[in-house]
Amino acid sequence: MDIKQFLQKVNGLEGSKPSPSHEEAKKSGLKGSEPPPSHEEAKKSGLVLLQDAALIIAALTALTYLFAYSFQKGKREYYGIGDMALSNLDINAILDSISDVSTLIFYVIIIYFFARLIVKVMAIIIKYIGKSIKELPKNENLELDELEALDIKGTANNFIMNYFTNLFFISLVIGCAPYLILGIGESWDDYLGVVAQSLSFVVCIFMVLSFIYIGVVVSEKNFNLLAVIFFKNPITYIMQTFSLMTRIILIATLCIGSAYTFYQYGYTKAVNKKDYMVIQANGKNFLLLDKDANRMLVAPIKKLGKKGEITKRDFQLIEMKLGKNNNFIIKKYEFENGLQVNPDERNVYLRELGRDVQKSKILKGFLPWDFNLLNRYTILWLCYYF
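With UniProt numbering applied, the sequence shown covers 1 to 386.
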């Protein structure tokens, strides 16, 4: 037997040795040697997973009802029938709300992908001119568990891409939100346009201050600034870092803010609505605002033309029972220039606010820069890091 055959025989004997027991593997520190979960543990894990799924479904259902109610509330407030509406928030109303809100959600998704596309194009251009980004620098003061809590993985390029994508996305939302949600901001000469640009400027200032605050907190705790700013998942970071009470406050604030946004969007959808059901009864024209199984809530309209007009102080109920003295005709009518409801409290408030903003010398000097303000900050950050 030569040396080669002897070595093959020895290797074969070593490979045929029985695997160590769980206790021996545990003592030796071998990985992957944990015993399989028992039937009770698997059953308990399945119950926990089922409970989590039930909680998620319940939370999504509650949020759907909240946002649908806020949207319908905004539509009714435009007509002034918030306290006297006949219809309930049933499945049909929820589906109608989702259908109307889907346009806003679609715009937000398009804005996000546009922001991501722009940032990727900028990254390609920067890479083309010969500049590269090294791995995320390590900081001795930042411990391993803190890195894991922040979900720090990959190169600094990924974090910078995510960071500037979110920053650019938020800047676009700030610039477009007043027009999409409030329906204002089309013209610089319009007072409402001034208000829209003012809102964008205020939010931009708030974001800059928030980044300064993050920098102060980071410097006090001796954390790596890049590791904190360029964390991969902000939701995970918030859930793992902040206390339970802080998380509850943040979630409640987010829900209330979202509900108010849907309320204003519902109001705007009612302002821009052009197709209505008109009821002709007793020689008069009435605008159908709401109905249930037996009654219709209507408002008298003076004449049918390109622009309709009703008042919030004049409503009537019509019983849907045909008789000799209760005949009516229902037909669909389109107001080309929309429907004017008097008084329009939100329009009056925004116009007064716009006049006050125009009178302010401090804000007036900043207004021409507001929409591109955050984008200029984005360019400065890109030039600094790249």
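Note that the Cβ used here is the ideal one computed from N, Cα and C, for glycine as well.
Note that the structure is a prediction, hence the values are computed from the model and not measured.
| Item | Value |
| --- | --- |
| Have a look at N282 and L50 and give me their C-alpha separation to the nearest angstrom. | 60 Å |
| Who does Q51 pair with in a DSSP beta bridge? | Answer is none; Q51 lacks a bridge partner. |
| Closer than 8 Å is the cut-off here; do at least three beta carbon pairs connect the segment 259–269 with the segment 98–117? | yes |
| What first and last residue would you give for the beta strand (DSSP E) that runs through L304? | Unbroken run through L304: none, as it is neither H nor E. |
| I81 and L339 look like a contact to me (Cβ under 8 Å); what is the Cβ gap, rounded to whole Å? | With 8 Å as the limit, I81 and L339 do not qualify as a contact, their Cβ atoms being about 13 Å apart. |
| Identify the continuous alpha helix (DSSP H) that holds F286 and give its terminal residues. | Taken as a continuous stretch (DSSP letters only), F286 belongs to no alpha helix (DSSP H), being part of the beta strand (DSSP E) at 284–291. |
| Tell me the rounded alpha-carbon separation between Y78 and A293. | 23 Å |
| DSSP three-state label for D90, please. | coil |
| In the structure shown, what three-state DSSP assignment does I256 receive? | helix |
| With C-beta atoms as the reference, is L350 less than 8 Å away from T268? | no |
| List the endpoints of the continuous beta strand (DSSP E) containing I330. | 328–334 |
| Am I right that V341 and I310 are in contact with their C-beta atoms under 8 Å? What's the rounded C-beta distance? | 6 Å |
| Which residues does DSSP list as the beta-bridge partners of G308? | L339 |
| Checking 8 Å against the spacing of the C-beta atoms, do I318 and R355 come in under that value? | no |
| Under 8 Å, with one C-beta from each stretch per pair, do the segment 106–115 and the segment 69–78 reach the 3-pair mark? | no |
| Quick one: grab the DSSP three-state call for P137. | Note that P137 scores 46 on pLDDT, short of 50, meaning its location in the model is unreliable and no value can be drawn from it. |
| Drop a sphere of 10 angstroms on the beta-carbon of Q72, count the other beta-carbons inside from all chains shown, and report buried for 16 or more, exposed for fewer. | buried |
| Let me check understanding here. Comparing Cα to Cα, which of M277, E336, D96, I330 lies closest to G305? | E336 |
| In angstroms with no decimal places, state the Cα-to-Cα distance between K331 and L66. | 33 Å |
| When the Cα of K303 is compared with those of A270, Q316, L287, A53, which residue comes out closest? | L287 |
| In this structure, how does DSSP classify A115 when only helix, strand and coil are distinguished? | helix |
| Out of L63, M84, D344, M320, state which residue places its alpha-carbon closest to the alpha-carbon of A270. | D344 |
| Should R76 be flagged as near chain B, meaning a C-beta pair shorter than 8 Å? | Of the protein chains in the structure, only one exists, and it is not chain B. |
| Short check: CB of K274 to CB of E334, under 8 Å? | yes |
| Give the range of the beta strand (DSSP E) segment to which D275 is assigned. | 275–281 |
| Please list, in chain order, all residues of the same chain as I329 whose beta carbon is under 8 Å from its beta carbon, the five residues on each side excluded. | I279, Q280, A281 |
| Assuming A93 and A68 make a contact with CB atoms under 8 Å, what is their CB distance in whole Å? | 7 Å |
| Given that a residue counts as buried once 16 or more other Cβ atoms are within 10 Å of its Cβ, and exposed if not, what is F169? | buried |
| In chain order, what residues of the same chain have a beta carbon less than 8 Å from the beta carbon of N272, not counting five sequence neighbours either side? | G183, G338 |
| Which residues does DSSP list as the beta-bridge partners of M296? | K291, I318 |
| From A177 to N327, what distance separates their C-alpha atoms? | 46 Å |
| Tell me, to the nearest whole angstrom, how far the beta carbon of S87 is from that of K291; I am working on the premise that it is less than 8 Å. | 7 Å |
| What does a CB cutoff of less than 7 Å around A299 pick up in its chain, not counting 5 residues either side in sequence? | F286, L287, L289, I310, D314, F315 |
| Would you check if the distance between the CB atom of L180 and the CB atom of Y276 is smaller than 8 Å? | no |
| Quick check on M84: does DSSP put it in helix, strand or coil? | coil |
| Is the beta carbon of G74 less than 8 Å from the beta carbon of G266? | yes |
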